[in-house]
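**Q**
Protein chains: 2
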Amino acid sequence: MRASELPLFTSKDDPSDAQVVSHRLLARAGYIRKQGSGLYAYLPFGNIIHRKIEQIVREEMDRAGGVEVTLPVITPAELWQESGRWDIMGKEMMRMEDRHGVGYALGPTHEEAMTDLARSYLQSYKQLPINFYQIGKKYRDEIRPRYGLVRCREFTMKDAYSFHTTDESLDETYQKMREAYRAIFERCGLKTIPVEADSGNMGGSGSEEFMVASSIGEETLLLCSDEKCGYRSNQEKTAFIENTKRGGSTALTDRSLSAVEGRIEDFDTGAAKTIEDVAKLTGQNPRDFVKAVIFEDKEHIYLCFIPGDRELSEIKMKNLAGATEYWAASEETIKALTGAEPGYTGPVGLKFSDRDVVSLNLPTGDGKKALRIFYDAHLKGREGLITGANKTSFHKKNVAEGRDFKVTDGHDLVNAHAGDLCPQCKKAELTETRGIEVGHIFKLGKKYAEKMQVSVLDQTGKPLTPTMGCYGIGVGRTMATSVEQNHDERGLIWPRNLSPFMVYLVSLVKGETETAFVDKLYETLQARGISVYLDDRDERAGVKFNDAELVGFPFIVTVGKKTLESGKIEMKLRRTGEKLELTEAELMEKIL
Amino acid sequence: MRASELPLFTSKDDPSDAQVVSHRLLARAGYIRKQGSGLYAYLPFGNIIHRKIEQIVREEMDRAGGVEVTLPVITPAELWQESGRWDIMGKEMMRMEDRHGVGYALGPTHEEAMTDLARSYLQSYKQLPINFYQIGKKYRDEIRPRYGLVRCREFTMKDAYSFHTTDESLDETYQKMREAYRAIFERCGLKTIPVEADSGNMGGSGSEEFMVASSIGEETLLLCSDEKCGYRSNQEKTAFIENTKRGGSTALTDRSLSAVEGRIEDFDTGAAKTIEDVAKLTGQNPRDFVKAVIFEDKEHIYLCFIPGDRELSEIKMKNLAGATEYWAASEETIKALTGAEPGYTGPVGLKFSDRDVVSLNLPTGDGKKALRIFYDAHLKGREGLITGANKTSFHKKNVAEGRDFKVTDGHDLVNAHAGDLCPQCKKAELTETRGIEVGHIFKLGKKYAEKMQVSVLDQTGKPLTPTMGCYGIGVGRTMATSVEQNHDERGLIWPRNLSPFMVYLVSLVKGETETAFVDKLYETLQARGISVYLDDRDERAGVKFNDAELVGFPFIVTVGKKTLESGKIEMKLRRTGEKLELTEAELMEKIL
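Written out as structure tokens, the structure reads:
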């Protein structure tokens, strides 16, 4: 294509809201344009790349036995009600009503729709396994859309859903999908880290995320420092195992307040509420505090006790509680529960036990919520602890688990971090890195098939509920992360497989003979199957070179006056910056 | 592909709600599946065809100089407010709010979004003309979604928007698009009729629809019976020219009541209100009545007088009045306007004139609406007419235009029909046919560019408002209409360019040697670039043949026991039903 046919949309300025390099460069190089919060238009070059990624995904999915379909994007509410997710999905799911008041979701994912499709066609075990996939728009009403294509509200996903008669069959397809994903990301020139992941509200038994390491990543990944072990996990999924070498129970310091006296007693901490404040006041290590974190939903209060130096993992708590929509407990709820202001909650002397009903002074409803108390397992056996006293202004010191309160059923409730022990080898320490999720594969199990009553006949003619897997890849996010990994201060650097064109041909000549030379080169390259973008604009050389670097095709080929005299064409490799003077034959060879 | 890899989704039963053959066959042959009112899933074969049509559209658009982009489907309300269409688009536009209460439309069309894109990149006449296109989902909340893919609520469109410095440039692109559309439909094996069309709420000066003649068409097309003239138009756009040979003004019959007496007078028609009733009562020809049709909107009453034997064209009335959301006038409004019950409105003795303000007893507002009176031009010069008397139970007879009321400014207000004169040659009669719109091209003019303040600098450095064109094709509808034109009682008959596979290979053999023969044939065909679907299911021959006919690929090739003995392969041409016995070499030749 020529610039006169397919114009450049480059701009001199970065978009004012661009916080990350992919957003900044893709917008400035004219690949994308924001058209609303979390809504991006793909301009011509961006559109080409998006379609190339789609095609790579399609080819690898087909190779792995996937069967392409296209479901409607808007999904009737009744399907979501059938699975029970209409209420669970919360505000992140965009919803609308039609002219008759019938509700629809703008599909953030398609388990329900695909299960509905499957139940109407699948009758026999002979039809399984089958792996339906589609490539289409998805919608998520993010609280904070950001980072350009990384976190949008409208985006394109490849989502696949497989159906199986046995767990072994699911496992086989799951492994095929792992391999397909590796192949897809490799073809996109993207280095990914597969990690164990939480299954979230998708349900199911196992899942793995494909992460791109990036300082702007919103996920924290924990990797075992022993490569032989090879454990890699999303923080939200990583079990916490305390590393005793790093200030665990045998290495306590400054236990003056508790260990010495040995007797549980209340003490006035005044305005000091937080563990930080009370630790400062007492000189005691935060690890020897019991932190209380309290949530509630419509029917429950969730009271979590965890080590004072750790933060609660909301995901772990949520999975444990089976909670969906919940929020930090209100001051009123905390007062009703403990009799004290917030900040003084502790496990000792609490007037309610696990599963007790707490009466609340609520404006609506019957004013009763069931209490659930969860203890982090690491509190087991600890003593010399400081806790809230359930009395405003007071804490308790020298509290001992076992004597003063009991962790009968300890859970994994807190986030693991770098320095903790690897939960797989239990020897090496974990290291931390940030990542962006570009793909996610799940073993869903029978959750959807059961709720939506999918049934096929097995070999013996008995009905069988299939087990399911699902597999997603974000197309736009793959494009953005490719930029995060491939750019320099001058602009984008596309891998060959994604680049909109292979060659950016800069013409710096004007006369008839010279232009004919350029046209011939342009045609020769194309005849050899090399895609070329010919910058034939009436612009200064500097403008053209800058744009060539900014848009980032692999080869920048320049024809100037000198070229016709010497017969040598200048070629610059965009990635390395290396400059070569080549004959036409050498040029072809270099590119092909 | 083999049936074991890509299963058939054929079914024995027609969907219960299928009123048209394309819906019935596409569903039964497993190409599509309904997932809600006006919402269809594309199953594997349907998905392949949809993508083939998309690709044909893309290639022809690229050839015609189009530049592909992808805009977000959901469009911020503020863009629609800027153009003034947020209110105009009515209930057909699906709308939603995000978690912050910000409004969005699920784009039924993208003039606003594309104009917004253009204004941020277009600065100079040098960048024009440019023709942006996209292929993506569109949404329309149809009152009555029906006919399967013909009238859906979610569907894929190619929509293009061009920007120009001059009308000549717009004209040039408009012609290129006409040619591209002809090429697209030709490649899809679809016979289309281009007709003049109304521009509807798109605004603009000229437009043409590409219609597929079909008995299920929702559009009425009027074609000049003289092929040399070649006039073809949508009824909604066709000017009405009375054919005097067919009972026009010189051929009046039965004017007993009026022509004889010559004097205007009221007469009691009792309960007879409709023209049909009064005509029966009086024996007078409906043509010699004046029909009154009354609409209102929030601010106006529209009173239209037309010949009694014709129906009002709402489109013509709407375009004339500039009305957007309007409705049939209420009984109260008619009483306030005429002093009589509905059914007795006439042009003589009306107490209000055009542009008078009528006071209404409205529950809200100030209760005043401006009256607009429109006369159909054909009433000019007529006499001996019967009209309502603006008095309950009474009509007037022997009314004469000019004497008793005046058509000072006549309009074209009624629908033309078969038998009327062609508005182009004004000699031949029009014939009528039904059509389905598959494509539509518009000259939009400057409406959007002006409202949204698009401006580029012209050659002299002065700001210039570009003029625009827009061009749409329905992808799913193209698929459906192709079926309407290509099927028989046994199933679908795909044109070569659209068929998911070229060959349906029926294997009726079981032994090892025989299966190897089939596999080799399967591979040989594919090696020659012929796509093959191999039905290797463990099913009876009849089931396979029925499915082969139903899914409708061009060639049905059968390998049975006999084949191996005789060396002759049986091939059936799906369209003609012709059966041939061929060697492998002959088979290849026939298909290629």
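The listed protein sequences correspond, in order, to chains A and B.
Using our numbering, read the first sequence as starting at 959 and increasing by one per residue.
Using our numbering, read the second sequence as starting at 959 and increasing by one per residue.
Think of the CB as a built atom: it goes at the ideal place given N, C-alpha and C, for glycine as much as any other residue.
#1: Could you tell me the boundaries of the beta strand (DSSP E) in which A/Phe1121 lies?
#2: Inspect the beta-carbon positions of B/Arg1532 and B/Ile1549 and report whether they are closer than 7 Å.
#3: What's the C-alpha gap between A/Val1248 and A/Gly1346?
#4: Tell me whether B/Thr1366 is buried or exposed, calling it buried when 16 or more other Cβ atoms sit within 10 Å of its Cβ.
#5: Starting from B/His1008, trace the alpha helix (DSSP H) both ways and give me its first and last residue.
#6: Ordered along the chain, which non-local residues of its own chain (more than five positions away) have a Cβ less than 8 Å from that of B/Val953?
#7: When the distance is taken between beta carbons, is A/Gly1368 closer than 7 Å to A/Asn930?
#8: So, using beta-carbon positions, are A/Thr968 and A/Gly988 closer together than 7 Å?
#9: Would you be able to state if there are at least three C-beta pairs under 8 Å between the segment 1395-1407 of chain A and the segment 1219-1239 of chain A?
#10: For B/Lys1049, which residues in chain A fall below 8 Å Cβ to Cβ?
#11: On a CA-only basis, which of A/Arg1486, A/Glu1447 and A/Arg1392 is nearest A/Ser1173? Give me that one, please.
#12: Using 7 Å as the limit for Cβ to Cβ distance, is B/Met1054 near chain A?
#13: Please determine, among A/Leu1479, A/Ala1281 and A/Ser1271, the residue with the shortest C-alpha to C-alpha distance to A/His1258.
#14: Using only the alpha-carbon positions, how far apart do A/Lys1203 and A/Glu1387 sit?
#15: State the DSSP-derived secondary structure class of A/His1570, mapped to helix, strand or coil.
#16: Looking at the secondary structure, which residues open and close the beta strand (DSSP E) in which A/Leu1064 lies?
#17: Please name the residue or residues paired with B/Glu1194 in a DSSP beta bridge.
#18: Name, in chain order, the residues that DSSP records as bridge partners for A/Thr1345.
#19: If you compare alpha carbons, which of B/Arg1495, B/Asp1267, B/Arg1454 and B/Asp1496 is closest to B/Glu1144?
#20: Rounded to the nearest angstrom, how far is the Cβ of A/Lys1338 from that of A/Ile1199, given a contact under 8 Å?
#21: Short check: CB of A/Ile1527 to CB of A/Thr1521, under 7 Å?
#22: In the structure shown, what three-state DSSP assignment does A/Phe1363 receive?
#23: Can you give me the start and stop residues for the beta strand (DSSP E) that B/His1398 sits inside?
#24: Looking at the secondary structure, which residues open and close the beta strand (DSSP E) in which B/Arg991 lies?
#25: Please confirm if the segment 1068-1083 of chain B is in contact with the segment 1026-1042 of chain B, defined as three or more CB-CB distances below 8 Å between the two stretches.
#26: In angstroms, rounded to a whole number, what distance separates the CA positions of B/Lys992 and B/Arg986?
#27: By DSSP's criteria, B/Gln1092 is part of a beta bridge. Which residues make up the other side?
#28: Is A/Leu1080 closer than 7 Å to A/Val1306 when the C-beta atoms are compared?
#29: Which residues in chain A sit within 7 Å of B/Ala1005, going by Cβ to Cβ distance?
#30: Is A/Glu1547 buried or exposed, if buried means 16 or more other CB atoms sit within 10 Å of its CB?
#31: Is any beta-carbon of chain A found at less than 7 Å from that of B/Leu1422?
#32: With DSSP as the reference, label B/His1068 as helix, strand or coil.
#33: Which word fits B/Trp1285, buried or exposed, when buried means at least 16 other C-beta atoms lie within 10 angstroms of its C-beta?
#34: If you count every other CB in all the chains shown that lies within 10 Å of the CB of A/Asn1319, and 16 or more means buried, which is it?
#35: A/Ser1078 touches chain B at which residues, Cβ-Cβ below 8 Å?
#36: Name, in chain order, the residues that DSSP records as bridge partners for B/His981.
**A** On the basis of the supplied data:
#1: Counted from its first residue, the first sequence places residue 1121 of chain A at position 163. Annotation: the continuous beta strand (DSSP E) that includes A/Phe1121 extends over Glu1112 to His1122.
#2: Within the second sequence, residue 1532 of chain B is the residue found at index 574, counting from 1. Within the second sequence, residue 1549 of chain B is the residue found at index 591, counting from 1. In this structure, the beta-carbon distance from B/Arg1532 to B/Ile1549 does not fall below 7 Å.
#3: Reading the first sequence from its first residue, position 290 is the one you call residue 1248 of chain A. Reading the first sequence from its first residue, position 388 is the one you call residue 1346 of chain A. Looking at the two C-alpha atoms, the distance is approximately 8 Å.
#4: Sequence index remark: in the second sequence, residue 1366 of chain B carries index 408 (1-based). So B/Thr1366 ends up on the exposed side.
#5: Here residue 1008 of chain B corresponds to residue number 50 of the second sequence, with the count starting at 1. Residues Pro1002 to Arg1021.
#6: Since the displayed chain B opens at 959 and closes at 1550, residue 953 of chain B lies outside it and no answer follows.
#7: This structure leaves residue 930 of chain A out entirely; chain A is present only between 959 and 1550.
#8: Mapped onto the first sequence, residue 968 of chain A falls at position 10. Mapped onto the first sequence, residue 988 of chain A falls at position 30. In this structure, A/Thr968 places its C-beta atom within 7 Å of the C-beta atom of A/Gly988.
#9: Flag = no, the segment 1219-1239 of chain A and the segment 1395-1407 of chain A do not touch.
#10: Here residue 1049 of chain B corresponds to residue number 91 of the second sequence, with the count starting at 1. Those are Arg1057, listed as they occur along chain A.
#11: In the first sequence, the residue the question calls residue 1173 of chain A occupies position 215. Nearest C-alpha to A/Ser1173: A/Arg1392.
#12: Position 96 of the second sequence, counting from 1, holds the residue named residue 1054 of chain B. Closer than 7 Å to some Cβ of chain A, the Cβ of B/Met1054 qualifies, so yes.
#13: Translated into the one-based positions of the first sequence, residue 1258 of chain A becomes position 300. Measuring from the Cα of A/His1258, the nearest candidate turns out to be A/Ala1281.
#14: As a first step, residue 1203 of chain A must be located in the first sequence, where it is residue number 245. As a first step, residue 1387 of chain A must be located in the first sequence, where it is residue number 429. Taking the CA atoms as reference points, A/Lys1203 sits about 10 Å from A/Glu1387.
#15: As shown, chain A starts at 959 and ends at 1550. That puts residue 1570 of chain A outside it, with no answer to give.
#16: As a first step, residue 1064 of chain A must be located in the first sequence, where it is residue number 106. Its beta strand (DSSP E) spans residues Gly1061 to Leu1064.
#17: Residue mapping note: residue 1194 of chain B aligns to position 236 of the second sequence, counting from 1. Looking at the DSSP output, B/Glu1194 shares a beta bridge with no other residue.
#18: Looking up residue 1345 of chain A in the first sequence gives position 387. DSSP lists A/Lys1354 as partners of A/Thr1345.
#19: For the purposes of this step, residue 1144 of chain B is taken as the residue at position 186 of the second sequence. Comparing Cα-Cα distances from B/Glu1144 to each of B/Arg1495, B/Asp1267, B/Arg1454 and B/Asp1496, the minimum goes to B/Arg1454.
#20: Against the first sequence, residue 1338 of chain A aligns to sequence position 380. Against the first sequence, residue 1199 of chain A aligns to sequence position 241. In fact, because the Cβ distance is near 13 Å, the residues do not count as touching under 8 Å.
#21: The count along the first sequence starts at 1 and reaches residue 1527 of chain A at position 569. The count along the first sequence starts at 1 and reaches residue 1521 of chain A at position 563. Yes.
#22: Position 405 of the first sequence, counting from 1, holds the residue named residue 1363 of chain A. In the structure shown, A/Phe1363 sits in a strand (DSSP, three-state: E or B).
#23: Position 440 of the second sequence, counted from the first residue, corresponds to residue 1398 of chain B. Per DSSP, the unbroken beta strand (DSSP E) holding B/His1398 starts and ends at Leu1388 to Gly1403.
#24: Residue mapping note: residue 991 of chain B aligns to position 33 of the second sequence, counting from 1. It spans Ile990 to Gly994 - the beta strand (DSSP E) in which B/Arg991 sits, taken as one unbroken run.
#25: The segment 1068-1083 of chain B vs the segment 1026-1042 of chain B: in contact.
#26: By 1-based counting over the second sequence, the position of residue 992 of chain B is 34. By 1-based counting over the second sequence, the position of residue 986 of chain B is 28. Rounded to the nearest angstrom, the two C-alpha atoms are 11 Å apart.
#27: Counting from 1 along the second sequence, the entry for residue 1092 of chain B is found at position 134. DSSP output for B/Gln1092 lists B/Asp1117 as bridge partner(s).
#28: Here residue 1306 of chain A is taken as the residue at index 348 of the first sequence, counted from 1. Here residue 1080 of chain A is taken as the residue at index 122 of the first sequence, counted from 1. Taking the C-beta atoms as reference points, A/Leu1080 is found no nearer than 7 Å to A/Val1306.
#29: Position 47 of the second sequence, counted from the first residue, corresponds to residue 1005 of chain B. Residue 1005 of chain B is actually Asn in this sequence, not Ala. The contacting residues are Glu1026, Val1027 and Thr1028.
#30: One-based indexing of the first sequence puts residue 1547 of chain A at position 589. Exposed.
#31: Along the second sequence, one-based indexing puts residue 1422 of chain B at 464. By this cut-off, B/Leu1422 is not an interface position.
#32: Taking the first residue of the second sequence as position 1, residue 1068 of chain B is located at position 110. Look at B/His1068 here: in three-state DSSP terms it is coil, with no helix or strand label.
#33: As a position in the second sequence, residue 1285 of chain B is number 327, starting the count at 1. B/Trp1285 comes out exposed.
#34: For this step, residue 1319 of chain A is matched to residue 361 along the first sequence. Using a 10 angstroms sphere on the CB of A/Asn1319, the tally of other CB atoms stays under 16, which defines it as exposed.
#35: Residue mapping note: residue 1078 of chain A aligns to position 120 of the first sequence, counting from 1. What A/Ser1078 touches in chain B: Arg991.
#36: The residue you call residue 981 of chain B lines up with position 23 of the second sequence. Answer is none; B/His981 lacks a bridge partner.
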